[in-house]
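Residue numbers (this note's numbering): 38 to 320.
Below, the structure written as structure tokens:
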């Protein structure tokens, strides 16, 4: 069940039984849990499997596919709790091997870009395909036309080519002229730190400490998502506040380094999932 409007990534309720579906309809359409986004409701087939994100950049003619990533939507460890905008991600995602990525390019990305061109609405920019790897093969859950958060952070941590050159070539329709993108061979893991109460109601304005300490760690970057400056101090200003991202020789070492960064950072009520990237480590 989905609220057919903008709900900050939280307007989806995955139902197990008929009673769950009826309750979800009440939450979205009657209680208006997601506000005006719930004026209309979308009912979709439930897909079982692991999610994967494949981002591509296109100028309407050429498609440059980026390494796959895997997001963690549920709020709690081992994928429990309500859906969020994403509690962490890693790239590359072993779930999407070279064969599957090739299939996705051929059967998902290329037909989509060509269909938009044929309809006289050619698309230039970032095309984000949210996919579910089911027993029947990959299926498209959603499209976005932007870098996804938190998938963007580990992907761009690994990008060694100049992002500005890539985007300018996209705008100018010159993607076919650029050199192949260069990537750090090491994987990257991003852990989202969130406000207490998220994805429900939460308080803002909590003073954040330890940012410089985390940023000083090797191969760690702290991406700000929901922060603000107040009286010269960084404070929380959203539900998902920070994306602590790290590179490592393996996904396990990248995870360890990312959580080292997390341990440096404090504000009242801060929390995160503890199992980001474990799915890849278990592969």
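Even for Gly, the Cβ is constructed at its ideal location relative to N, Cα and C.
With distances taken Cα to Cα, identify the nearest neighbour of residue i among the options.
i, options, result
"residue 185", "286, 107, 319", "107"
"residue 38", "135, 78, 253", "78"
"residue 190", "306, 103, 40", "103"
"residue 280", "263, 267, 287", "263"
"residue 183", "261, 82, 94", "94"
"residue 162", "200, 125, 187, 128", "200"
"residue 213", "296, 311, 318, 97", "97"
"residue 288", "253, 219, 187, 317", "317"
"residue 248", "44, 231, 300, 99", "300"
"residue 302", "240, 232, 101", "232"
"residue 45", "54, 181, 156", "181"
"residue 86", "266, 255, 217, 172", "172"
"residue 321", "71, 54, 56", "The question about residue 321 has no answer, for the chain in this structure spans 38 to 320."
"residue 40", "156, 155, 203, 81", "81"
"residue 83", "73, 60, 54, 62", "54"
"residue 254", "267, 282, 266, 265", "282"
Whose C-beta lies closer than 7 Å to the C-beta of residue i among residues of the same chain, with five residues either side of it excluded?
i, result
"residue 236", "47, 112, 119, 121, 276"
"residue 221", "195, 197, 284"
"residue 153", "159, 160"
"residue 261", "279"
"residue 58", "38, 52"
"residue 192", "92, 103, 104, 106, 128"
"residue 147", "100"
"residue 28", "Look at the range of the chain in this structure, 38 to 320, and you will see that residue 28 is not part of it."
"residue 296", "228"
Look at the Cβ atom of residue i, then the Cβ atom of residue j, and state whether they are nearer than 9 Å.
i, j, result
"residue 243", "residue 306", "yes"
"residue 174", "residue 88", "no"
"residue 64", "residue 50", "yes"
"residue 208", "residue 314", "no"
"residue 188", "residue 126", "yes"
"residue 304", "residue 259", "no"
"residue 257", "residue 124", "no"
"residue 170", "residue 115", "no"
"residue 66", "residue 42", "no"
"residue 164", "residue 149", "yes"
"residue 291", "residue 224", "yes"
Can you say whether residue i is buried or exposed, counting buried as having 16 or more other CB atoms within 10 angstroms of its CB?
i, result
"residue 294", "buried"
"residue 234", "exposed"
"residue 269", "exposed"
"residue 110", "buried"
"residue 246", "exposed"
"residue 141", "buried"
"residue 135", "exposed"
"residue 56", "exposed"
So, for residue i: in the same chain, excluding its five sequence neighbours on each side, which residues have a beta-carbon less than 8 Å away from its beta-carbon?
i, result
"residue 145", "91, 166, 168, 175, 177"
Once the 5 residues before and after residue i are set aside, which same chain residues still bring their CB inside 6 Å of it?
i, result
"residue 130", "89, 105, 106, 107"
"residue 241", "273, 274"
"residue 250", "301"
"residue 252", "259"
"residue 206", "212, 215"
"residue 210", "96"
"residue 219", "197, 198"
Beta strand (DSSP E) segments (min. 3 residues) lying fully within the region 146 to 224
Runs of the beta strand (DSSP E) inside the region 146 to 224: 162 to 171, 174 to 181.
Quick check on the DSSP output: what are the complete alpha helix (DSSP H) runs of length 4 or more inside the region 73 to 133, in order along the chain?
none
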